[in-house]
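Each remark here refers to the structure printed beneath this line.
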Amino acid sequence: MNKYTVLVVFAIFSLAGLSGCANKEVLKNPSLTSTVAEKEDASVRRNPEVKKEIVEDRIREAATVADGNTGRGGEKNEEQNAKMLNAALEAIYFNYDSASLSPEARQGIYQNFQLLAQDSKVNLQIEGHCDERGSDEYNLALGENRAKAAMKYLVSLGVAEDRISTISYGKEKPAAEGNDETAWARNRRAEFVVNRTEK
7 MNKYTVLVVF AIFSLAGLSG CANKEVLKNP SLTSTVAEKE DASVRRNPEV
57 KKEIVEDRIR EAATVADGNT GRGGEKNEEQ NAKMLNAALE AIYFNYDSAS
107 LSPEARQGIY QNFQLLAQDS KVNLQIEGHC DERGSDEYNL ALGENRAKAA
157 MKYLVSLGVA EDRISTISYG KEKPAAEGND ETAWARNRRA EFVVNRTEK
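Throughout, our numbering is defined as the position within the sequence shown, counted from one, plus 6.
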């Protein structure tokens, strides 16, 4: 097993640890804020170092891979680094018919910012998504507003604006199938995708 395979395995287990259970998507589901999220927030309040340790672990993983890109096989390593960043970057979620960033969304963007800061050789595309309600045109506009809201906050944190692009998929790429609030809440989101910059 080469060192990059080890890194990938380590990253996967690290990401699994963030959820506190086998299903990461369930914990990220904003429709569960009255149950799972409240318990998770209470746990973090009782253990103020928990969130800090999670973020620091993810930053160390990204930094380790970024440092390795200066060695042999740099191009291949950079591609691997981009894949690992994509696996580590978190989606953020929005309330119905809104492009406003909640405190939880801002926290998610800040954690993504800390990861992106480890590698200046990646560009970021922010994808805006909506649930199935509303017209195609309306949801395309709403998705774009969500992506731009996330971009604006990242820029305020220090990411160069020319490294970021936005795109809206409206309701065309749902993360969850279904016609209920659980599915809709998972689909009202912005996702972060990194690509290598041109040399």
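Each residue gets a CB set at the ideal place from its N, CA and C atoms; glycine is no exception.
Alpha-carbon to alpha-carbon, residue j and residue i
i	j	result
Asn129	Arg139	31 Å
Val165	Ser106	20 Å
Tyr102	Arg195	10 Å
Arg112	Ala182	23 Å
Asn29	Thr188	Residue confidence is low: Asn29 scores 42 on pLDDT, short of 50, so the model does not pin down where it sits. Its coordinate-derived value is still stated next. So the alpha carbons of these two residues sit roughly 15 Å apart.
Glu44	Ser108	In this prediction, Glu44 scores a pLDDT of 43, lower than 50, which makes its location untrustworthy; the coordinate-derived value is nonetheless stated afterwards. Roughly 15 Å between the two C-alpha positions.
Arg3	Ser141	The displayed coordinates of the chain run from 7 to 205. Any statement about residue 3 would go beyond what the structure contains.
Trp190	Ala153	17 Å
Glu167	Lys158	8 Å
Ser104	Met90	30 Å
Beta-carbon proximity of residue i to residue j, cut-off 8 Å
i	j	result
Leu121	Ala155	no
Asp125	Lys177	no
Ser174	Leu146	yes
Val199	Glu133	yes
Gln86	Asn201	no
Glu197	Ala123	no
Tyr116	Leu163	yes
DSSP beta-bridge partners of residue i
i	result
Ser171	Gln131
Ile98	Ala196
Arg139	DSSP output for Arg139 lists no bridge partner at all.
Asn201	Asn129
Gly114	Beta-bridge pairing links Gly114 to no other residue.
Gly241	Outside the displayed span of the chain (7 to 205) sits residue 241, for which this structure offers no information.
Whole-Å CB distance - residue i paired with residue j, under 8 Å assumed
i	j	result
Leu160	Phe100	That pair is no contact at about 16 Å.
Asn193	His135	6 Å
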